[in-house]
Structure formats: structure tokens, C-alpha cells
Amino acid sequence: MKFSPAAISAGTLVLAAVLTGCTPVADVDAAPDAANPDCAAVMVAVPDDLAGSKQRETSSQGTAAWGSPSEIIMRCGVPVPGPTTDACATVNGVDWVLREDGSFWTATTYGRDPAVEVLFDTDKVASSTVLVELQNAVSRVDQTRECLSTKDVELPG
55 MKFSPAAISA
65 GTLVLAAVLT
75 GCTPVADVDA
85 APDAANPDCA
95 AVMVAVPDDL
105 AGSKQRETSS
115 QGTAAWGSPS
125 EIIMRCGVPV
135 PGPTTDACAT
145 VNGVDWVLRE
155 DGSFWTATTY
165 GRDPAVEVLF
175 DTDKVASSTV
185 LVELQNAVSR
195 VDQTRECLST
205 KDVELPG
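Numbering (this note's numbering), first residue to last: 55 to 211.
So this is what it looks like as C-alpha cells:
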């Protein structure tokens with residue numbers, strides 16, 4: 055019996071889909087410092103389920119994704135944010151710099167090196183749930199600075 059290359063390729067794709075649980079690999083670009091050893095500690099502690107979504111395989115080191123299609127994307131090793139006027143919130147002892155673009159949010163850990171970035175759609179997942187459930191993983195990186203409010207800063211008089 056002879057198989058055509060097209061039949062073999064199609065069969066290989068079907069087998070690959072079955073072996074990966076029918077969820078394609080999420081194509082996520084690695085952050086510049088993804089190879090930082092502290093990112094490895096973060097990545098082994100990420101939850102299998104996040105805000106009701108299942109984790110799926112990603113294409114790059116130091117990344118994670120949940121949902122199909124991806125509802126939440128996480129990258130470890132992004133540039134560490136410096137002082138900012140962006141909103142900063144403390145959730146379960148982790149400081150996050152928050153940026154909104156419509157219903158899409160980017161939350162980046164503040165005061166931790168390497169920094170962890172999480173992108174998610176608040177129409178699909180609750181920001182409070184995502185940030186609370188990632189606390190165990192991101193707290194593997196020591197905090198060296200914290201968010202301050204304008205009330206915490208002395209202004210020149």
C-alpha cells in the first residue's frame with residue numbers, strides 16, 4: 055500500500071492535534087530576560103487552571119497561556135518598570151503596574167527583577183482573580199521596591 059505525501063502530512067497533523075489535547079501551541083514571544091533563572095522558579099509555580107481557563111503549551115521559554123483561544127498570556131523577564139504614574143495596585147502582597155486599553159489590560163509586577171507581565175481581556179476574565187491566582191508564582195521573585203501613593207511622597211515645599 056502506497057501513501058501520498060499529502061495523506062501522511064494530514065495524518066501527522068491529526069496525530070499531533072490528538073497528542074496535544076486538540077489545543078494548538080500558543081505563539082508567544084519570549085521576553086528579553088526569559089532565560090533568567092528566577093523565571094524558571096516562576097514558571098514551575100504557575101497554576102494549571104487560571105480564572106477558570108486551562109493552561110496550554112506555548113512556543114517560548116518563560117511564557118504561559120490559558121484558554122483556547124488564549125484569554126490570558128504571561129511572560130517572565132519583561133523589562134522592569136521604573137517609577138511611573140500608571141496605576142499601581144497591591145494584590146495579595148504583589149505590586150502590579152496596570153495599563154488599560156479598552157477591555158484589555160496589561161499587569162506588570164513592580165519592584166521585582168525579573169518582572170512578570172500578564173495580558174488579559176477583562177470582558178472574559180476578572181482581573182482580581184487572575185492577579186490573586188498568580189500570587190504564588192510571581193512571589194518566587196523577591197520584591198525590592200513597592201508601589202507608593204502620592205500620599206507617601208514628600209513634595210518639595
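In this text, a Cβ means the ideal position worked out from N, Cα and C, and glycines have one as well.
Contact belief for residue i with residue j at Cβ below 8 angstroms, rounded distance in angstroms
| i | j | result |
| --- | --- | --- |
| VAL170 | ALA105 | No, VAL170 and ALA105 are not in contact; Cβ-Cβ is about 16 angstroms, not under 8 angstroms. |
| VAL79 | SER107 | So it is not a contact: roughly 16 angstroms between Cβ atoms. |
Per-residue burial, residue i [other beta carbons within 10 Å of its own, 16 or more giving buried]
| i | result |
| --- | --- |
| GLY116 | buried |
| VAL72 | At VAL72 the pLDDT is 37, less than 50, meaning the model places this residue with poor confidence; the figure from the coordinates comes in the next sentence. Exposed, by the Cβ-count rule. |
| MET83 | Reading off the sequence, residue 83 comes out as Asp, not Met. Flag for ASP83 reads exposed. |
| LEU173 | buried |
| SER181 | buried |
| GLY136 | exposed |
| GLY165 | buried |
Option nearest residue i by Cα separation, candidates the options
| i | options | result |
| --- | --- | --- |
| PRO133 | SER107, VAL151 and SER124 | VAL151 |
| ASP212 | ASP196, ILE127, GLU200 and CYS201 | Absent from the model: residue 212. The displayed extent of the chain is 55 to 211, so no value can be given. |
| GLU111 | ASP81, GLY136 and CYS130 | ASP81 |
| LEU200 | THR163, SER182 and TRP120 | A small fix is needed here, since residue 200 is Glu in this sequence, not Leu. Closest option to GLU200, Cα to Cα, is THR163. |
| PHE158 | THR176, ASP103, ALA94 and THR139 | THR176 |
| ASP103 | ALA85, SER122 and ALA89 | SER122 |
Three-state class that DSSP yields for residue i in the structure shown
| i | result |
| --- | --- |
| ALA94 | helix |
| VAL82 | coil |
| VAL186 | helix |
| ALA119 | strand |
| ALA195 | The sequence shown places Val at residue 195, rather than the Ala named in the question. The answer is coil: DSSP assigns VAL195 none of H, G, I, E or B. |
Distance between residue j and residue i (C-alpha atoms, nearest Å)
| i | j | result |
| --- | --- | --- |
| GLU154 | THR160 | 7 angstroms |
| ASP167 | GLY156 | 28 angstroms |
| ASP87 | CYS130 | 7 angstroms |
| VAL98 | GLN109 | 12 angstroms |
| VAL141 | LEU202 | Here residue 141 is Ala; the residue named in the question, Val, does not match the sequence. Their backbone Cα atoms lie some 10 angstroms apart in a straight line. |
| ILE126 | ALA89 | 21 angstroms |
| ALA95 | ARG194 | 6 angstroms |
| LYS178 | THR144 | 22 angstroms |
| VAL100 | MET128 | 10 angstroms |
| VAL192 | ASN146 | 11 angstroms |
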